[in-house]
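One structure below.
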Amino acid sequence: MRRRHEESMRARKPWVEAAQTPFRDDALMDGTPGCTAADFELPRLRRCPFDADKFIWGRRLGEGLDGCVWKVWSGDAGPFVLKVFWDDEPPEFAHYYAPQRECQVAALLQMMEAAVEQAAAASRPVVVNANPTTRDDALDNQAAFSDEARLEQQSSAQQEPGSGYRQITTMPRVKKCYGWLTLKSSVFTNLPWELKPPVIKVDKVERFIQPGKEYMAIVYEYVEEGENTVETLQEAMDFFWLAGFCRTLSPLLKNWKSSVLVDLCDVAPPRGYGWVERLYSRGPTSAPLLLKQAEFVDVGPPMPRPPRASQLARFRTPLPRKQVPPARSPSQSPTPPPLTSPSASPSPPPTKPTA
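Residue numbers for the sequence shown follow UniProt numbering, so the first one is 1 and each next one is one higher.
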């Protein structure tokens with residue numbers, strides 16, 4: 001029975017079906033996002049107003065299974081983080097569609113941040129289930145940030161919520177998002193060699209930029225390197241759990257800087273592929289356990305592989321072909337040396353020692 005279910009799942013490809021849900025809004029990111037119940041049910045990230053052709057590329061910050069990250073400036077503004085995703089379409093293997101997940105999480109966090117500010121101004125805090133364990137709990141808690149739910153909320157900030165509920169009056173720091181945009185692969189052709197996206201292999205999956213394609217990217221604020229503290233990390237992890245986000249199977253400390261989550265694919269929204277009730281029911285990630293990853297020796301990521309020979313043509317001009325001298329005729333060929341070695345010289349007679 002289990003084998004039949006697994007075969008049915010592979011044939012149906014639920015990750016491909018989930019990737020069909022819209023996640024981008026063509027409206028430019030300008031002002032506060034909408035916070036209606038419909039907006040939370042179908043979160044879509046707005047378009048970035050920056051001109052990608054005017055980016056000043058600083059340095060490549062890193063790369064992974066989902067994409068490659070650069071430090072950039074937009075004219076005099078910045079620095080920003082530009083994350084370019086490898087996938088221009090849903091993956092063939094069972095995995096979330098990275099551009100979709102990151103857009104959905106970024107859009108939800110923007111709406112939640114706006115909702116908490118509006119609720120504080122109206123003295124009507126967001127009230128959520130204090131111990132969510134199921135997908136329905138996660139969806140209800142997410143809906144609690146909507147305009148409709150806050151209008152129905154009668155308790156003020158001074159009143160204690162009912163048993164089993166909790167007020168959300170503040171949000172942890174989340175990195176500011178400036179929206180999505182697209183880049184043609186030809187953009188990377190003109191970059192200096194040290195800035196070009198490498199060819200990498202992660203979990204047997206090869207990642208690289210292919211010529212002639214268009215890739216999606218998201219622009220974020222640049223978060224400086226800083227210490228991850230237990231208290232601030234735990235506050236952020238508690239919020240993500242209460243807001244309906246599910247942790248991944250293997251959360252990574254390297255995805256946090258200055259106690260700020262810098263890789264939004266490290267959490268899954270309740271309507272997205274990869275949200276797992278079994279993981280969600282365990283509660284928030286433990287900050288002390290996550291920080292223990294720092295105790296292990298960090299040897300750094302593996303060195304990226306250089307591009308394939310077939311890919312080098314788009315990064316550098318071809319070298320001139322080597323001139324091969326014409327073949328000689330037999331009459332022009334030099335006489336080969338003899339195969340026999342020269343005869344050995346006779347050895348001198350031994351000398352008689354003097355008395």
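For each residue, glycine too, the CB sits at the ideal point set by N, CA and C.
Assuming contact is defined by CB atoms lying nearer than 8 Å, are residue i and residue j in contact in what I supplied?
i, j, result
"V81", "Y280", "no"
"L108", "P251", "no"
"D30", "P49", "yes"
"V105", "K83", "no"
"V230", "A287", "yes"
"A236", "S259", "yes"
"Y220", "C177", "yes"
"R47", "A77", "no"
"W23", "Q142", "Reading off the sequence shown, one finds Phe at residue 23, where the question assumed Trp. No; because the gap between Cβ atoms is not below 8 Å, this pair is not in contact."
"R247", "T285", "yes"
"residue 357", "A52", "Any property of residue 357 remains undetermined from this structure, which presents the chain solely from 1 to 355."
"G179", "W241", "no"
Pull up the distance between the alpha-carbon of residue i and that of residue j, whole angstroms please.
i, j, result
"F55", "V174", "24 Å"
"C103", "V187", "22 Å"
"M303", "P197", "Below a pLDDT of 50, predicted positions are generally treated as unreliable, and M303, at 47, falls in that range; the measurement from the model is reported next regardless. One C-alpha to the other measures close to 13 Å."
"Q110", "T32", "8 Å"
"R59", "Q20", "33 Å"
"S185", "W193", "15 Å"
"D191", "W57", "Residue identity check: residue 191 is Leu in the sequence provided, not Asp. Going by the C-alpha atoms only, they are around 8 Å apart."
"R12", "A119", "42 Å"
"C35", "F296", "42 Å"
"G290", "A94", "One detail in the question is off: residue 290 reads as Leu in this sequence, not Gly. Cα-Cα distance, rounded: 26 Å."
"L195", "G226", "24 Å"
"V16", "E160", "44 Å"
"P91", "K292", "32 Å"
"P318", "E89", "Confidence is the limiting factor: at P318 the pLDDT is only 48, short of 50, which leaves the residue's position unreliable, though a coordinate-based value still follows. Distance between the alpha carbons of P318 and E89: 31 Å."
"L233", "A138", "21 Å"
"F315", "P14", "At F315 the pLDDT is 43, less than 50, meaning the model places this residue with poor confidence; the figure from the coordinates comes in the next sentence. Whole-angstrom Cα-Cα distance: 37 Å."
Which residue's Cα is closest to the Cα of residue i: the options?
i, options, result
"residue 356", "R278, R282 and D263", "With the chain covering only 1 through 355, there is no way to say anything about residue 356."
"T169", "E117, C177 and D137", "E117"
"R207", "F85, A19, L139 and S258", "F85"
"Y96", "K292, G272, P284 and L289", "G272"
"G67", "I218, C246, R247 and Q234", "I218"
"M112", "R282, P172 and T285", "P172"
"V199", "G62, T36 and R46", "G62"
"E224", "G162, Q234, T182 and L261", "L261"
"L183", "D87, L290 and D136", "D87"
"L249", "W241, Q234 and D266", "D266"
"A37", "D140, A18 and K254", "D140"
"R101", "A18, F239 and N228", "A18"
> Quick check: the segment 125 to 132 against the segment 73 to 90, are there 3 or more CB pairs under 8 Å?
Replying inline: Contact between the segment 125 to 132 and the segment 73 to 90 is absent, because fewer than three Cβ pairs lie under 8 Å.
>> I want to know whether the segment 200 to 218 touches the segment 112 to 126 - three or more CB-CB distances under 8 Å.
In response: no
> Which runs of the alpha helix (DSSP H) spanning at least 4 residues fall entirely within the segment 118 to 191, listed in chain order?
Replying inline: 135 to 143 and 147 to 152
> Counting only runs that start and end within the segment 261 to 292, where is the alpha helix (DSSP H) found for 4 or more residues in a row?
Replying inline: List check, alpha helix (DSSP H) in window: 277 to 280 and 287 to 291.
>> Would you call the segment 207 to 225 in contact with the segment 273 to 291, where contact means no fewer than 3 C-beta pairs closer than 8 Å?
In response: When C-beta atoms of the segment 207 to 225 are compared with those of the segment 273 to 291, fewer than three pairs fall below 8 Å, so the two segments do not count as touching.
> Which runs of the beta strand (DSSP E) spanning at least 3 residues fall entirely within the segment 9 to 55, listed in chain order?
Replying inline: 24 to 28 and 45 to 47
> Unbroken beta strand (DSSP E) runs of length 3 or more, entirely within the segment 205 to 235: which are they?
Replying inline: 205 to 207 and 214 to 221
> Which runs of the beta strand (DSSP E), 3 residues or longer, sit entirely within the segment 59 to 95?
Replying inline: Positions of the beta strand (DSSP E) runs, each at least 3 residues long and wholly inside the segment 59 to 95, are given as 67 to 74 and 77 to 85 in order along the chain.
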